[in-house]
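Numbering (this note's numbering), first residue to last: 6 to 190.
Let me begin by presenting the structure, written as structure tokens, before commenting on it.
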Amino acid sequence: MTEYELADKVVLITGGTGGLGSATARALLARGARVGIVDLHPNTPEIAARISPSGVVGFTADVCDRDTLNDAVAQLCERFGRIDVVIANAGIMGHGSTLRTMPAPAIDKVLAVNVNGAINTVNAAMKQIVANQGQVVLISSVFAFLNGMGAIPYARARPRLSSSDADSEWNSPSTALLPPPPTSR
């Protein structure tokens, strides 16, 4: 698989202050990208500055709120000039329970963040991605391949971001940032 060149690329990643998001931001920075992280955490700008004062900028925004995402995209473009890659990483699991015991508002929130949030993220950055012939990366979950017992709404939402025919999609440019899929299922 050809490695996607990240030097001087600008990457927007949602869920950027969490474990996976923060680690991804650091890895992208190490490969020469400039990064905008978006997260609900009120200290997102300070967290970004601790990662790299010049290479990472943070925005407090909610992936369920299109206006705040549009503002983050505009501010990132103002700071770094463009967006080449958008990574829809933000996601929540909710409290472990079954569909029967989880309150409807909790189910709605999991789906709003994990599905609609990914759509909102991509939509906010789409003009930049198309203009710059960039990449869209959707972070899915191991629940695409395993049983989601005790986390039904999450298990139903995050795998929706995974390709239905993962083996044929792994060599496409849009997944060049990701490691290859597992060899066994």
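Ideal placement from N, C-alpha and C gives every residue a C-beta, glycine not left out.
As the structure is a prediction and not an experimental result, all values here were calculated from the model.
Item to complete: Have a look at the DSSP bridge pairing and note the partners of D44.
Response: Here residue 44 is taken as the residue at index 39 of the sequence shown, counted from 1. Bridge partners of D44: T65.
Item to complete: Buried or exposed for K132, please, with buried defined as at least 16 other CB atoms from any protein chain shown within 10 angstroms of its CB.
Response: The residue you call residue 132 lines up with position 127 of the sequence shown. By the neighbour-count rule (16 or more Cβ atoms within 10 Å), K132 is not buried but exposed.
Worksheet item: Can you check whether the CB of V78 is closer than 8 Å to the CB of V40?
Response: Taking the first residue of the sequence shown as 1, we reach residue 40 at position 35. Taking the first residue of the sequence shown as 1, we reach residue 78 at position 73. Against a cut-off of 8 Å, the Cβ pair of V78 and V40 comes out as no contact.
Fill in: 8 Å CB neighbourhood of A12 in its chain, flanking five on each side removed
Taking the first residue of the sequence shown as 1, we reach residue 12 at position 7. R36, G37, A38, listed in sequence order.
Discussion item. Could you check whether T19 and T93 sit closer than 8 Å to each other, using their CB atoms as the reference points?
Written reply: The residue labelled residue 93 in the question sits at position 88 within the sequence shown. The residue labelled residue 19 in the question sits at position 14 within the sequence shown. Per the sequence presented here, residue 93 reads as Ala, with Thr not at that position. Going by C-beta atoms, A93 is nearer than 8 Å to T19.
Fill in: Coil, strand or helix - Q80 by DSSP
For the purposes of this step, residue 80 is identified with residue 75 of the sequence shown, where counting begins at 1. DSSP, reduced to helix, strand and coil, places Q80 within a helical segment of the structure shown.
Discussion item. I need the DSSP call for I134, collapsed to helix, strand or coil.
Written reply: In the sequence shown, counting from the first residue as 1, residue 134 sits at position 129. Correct three-state label for I134: helix.
Practice prompt. Flag this pair as touching only if the stretch 47 to 65 and the stretch 27 to 36 have three or more C-beta atom pairs under 8 Å; answer yes or no.
Written response: Yes: at least three Cβ pairs fall under 8 Å.
Discussion item. Determine whether the beta carbon atoms of R71 and A111 lie at a separation below 8 Å.
Written reply: For this step, residue 71 is matched to residue 66 along the sequence shown. For this step, residue 111 is matched to residue 106 along the sequence shown. Their beta carbons are not under 8 Å apart, which means R71 does not touch A111 by this criterion.
Practice prompt. Could you tell me the boundaries of the beta strand (DSSP E) in which A93 lies?
Written response: Along the sequence shown, one-based indexing puts residue 93 at 88. It spans 90 to 93 - the beta strand (DSSP E) in which A93 sits, taken as one unbroken run.
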